[in-house]
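Report on the following structure.
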């Protein structure tokens, strides 16, 4: 980590620092092996101004994971750093500090994301990410003081003093607390948002997600498996609509509804229909094209499973019913609210 550190024979090695990826591997190895003897050189590397930011962030987490004697100093140093990534790296480890000190710091980090009176420059994405990390840490802060901070954050959100990107984080930090004011406020919020809407309980997921994590949900989540049916960035299936450019075509509300209630609106060209014909047959398939005189229905061959297109004259149809969307209901049961938020962020940025 430090080229000026003598080896076991007292000889200074010299030369340039190891590549970043090697330094990160050293830190990871020290943590995995529980090598507390690495704590002192790690902390020294943290305090050096020429240490790459990525390495400094990893050192903070590493010292905290090792429960090193320098962990508290490292966390305080990171929280006072100008780099939002450094502060975010330190937030999950605030439990290494005294409780009152931790809550004070959490409150300060949330305050940094506050909307300035009269408008002005909105908080940066880095500041919002740090506040989100602080609110995540707040969820583990129990007791009256933790309740008070959660209640204050919720009330400020309701008054428009905190950005909507923090809504889900604040709600999650507030839920399950014993504070009667919070319980009443959350119950009122949920009931007021019902009004027959299928998406009401998920509205807090519309803003504040991470597009990179959302991409991972889209392509790699084993439960929802979005890319099996949808294409994005030229990769994925073709059962559902291509999603390149969906961020231009649909609002965030529309994207949320398409995930939570896929049968509410079905994209043109992907509507399914159940047709009863005059000859007694019943056909179910996807309507690929339609005119006033006929429609083309894509069905599946019962023996081979291959798609089959059939042109049907409208005069031969005695009854037509709309079928269900091929996209399944209940996807939200497979995602955490934060994964849903990240997925919406990823899709909204497909422009």
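In the numbering used here, the protein residues as written are 703 to 1053.
Every residue, glycine too, gets a C-beta built ideally from N, C-alpha and C.
Source: prediction; values computed, not measured.
task: Counting only the same chain and skipping the five closest in sequence on each side, list residues whose C-beta sits under 6 Å from that of residue 915.
output: 1044
Nearest candidate by alpha-carbon position, reference residue 987, set 723, 935 and 1003: 1003
task: For residue 726, I'd like the list of residues in its chain whose CB is within less than 8 Å of its CB, leaving aside the five on either flank, ordered along the chain.
output: 756, 757 and 760
field: Backbone CA spacing between residue 783 and residue 920 [nearest angstrom]
entry: 34 Å
- prompt: What first and last residue would you give for the alpha helix (DSSP H) that runs through residue 840?
  reply: 827-840
task: Within its chain, find whatever has a CB closer than 8 Å to the CB of residue 775; leave out the 5 residues flanking it on each side and keep chain order.
output: 745
message: With a threshold of 7 Å on Cβ separation, who are the neighbours of residue 1015 within its own chain once the five nearest residues in sequence on each side are excluded?
response: 995 and 996
- request: Could you tell me which residues DSSP pairs with residue 974 in its beta bridges?
  value: 988
query: Since residue 1016 sits in a beta bridge, which residues does DSSP pair it with?
result: None; residue 1016 has no bridge partner.
query: What are the start and end residues of the beta strand (DSSP E) that includes residue 914?
result: No beta strand (DSSP E) contains residue 914, which is instead part of the alpha helix (DSSP H) from 913-922.
message: Judging by CA-CA distance, which residue of 720, 838, 1046 and 814 is the nearest neighbour of residue 949?
response: 1046
- prompt: DSSP state of residue 883, grouped into three classes?
  reply: helix
- prompt: Straight-line CA distance for residue 1025 to residue 878?
  reply: 40 Å
message: Taking 6 Å as the limit between beta carbons, can you name the residues of its chain near residue 909, skipping five residues before and five after?
response: 866 and 867
- request: Pull up the distance between the alpha-carbon of residue 749 and that of residue 762, whole angstroms please.
  value: 11 Å
- request: Decide if residue 1050 is buried, meaning its Cβ has at least 16 other Cβ atoms within 10 Å, or exposed.
  value: buried
query: To the nearest whole angstrom, what separates the beta carbons of residue 872 and residue 837, a pair I think is in contact under 8 Å?
result: 6 Å
- prompt: Using the beta-carbon count (16 or more within 10 Å), is residue 741 buried or exposed?
  reply: buried
message: Can you give me the C-alpha to C-alpha distance between residue 1041 and residue 1020, rounded to a whole angstrom?
response: 45 Å
message: Less than 7 Å between C-beta atoms, sequence neighbours within five positions excluded: which residues of the same chain meet that for residue 856?
response: 872, 876, 884 and 887
Cross-strand partners of residue 869 (DSSP beta bridge): None; residue 869 has no bridge partner.
task: With a threshold of 16 other CB atoms inside 10 Å of the CB of residue 958, please say whether the residue is buried or exposed.
output: buried
task: Please report the residue range of the beta strand (DSSP E) in which residue 739 lies.
output: No beta strand (DSSP E) holds residue 739; DSSP gives it neither H nor E.
query: Considering only C-alpha positions, which residue in the set 992, 933 and 1053 is nearest to residue 947?
result: 1053
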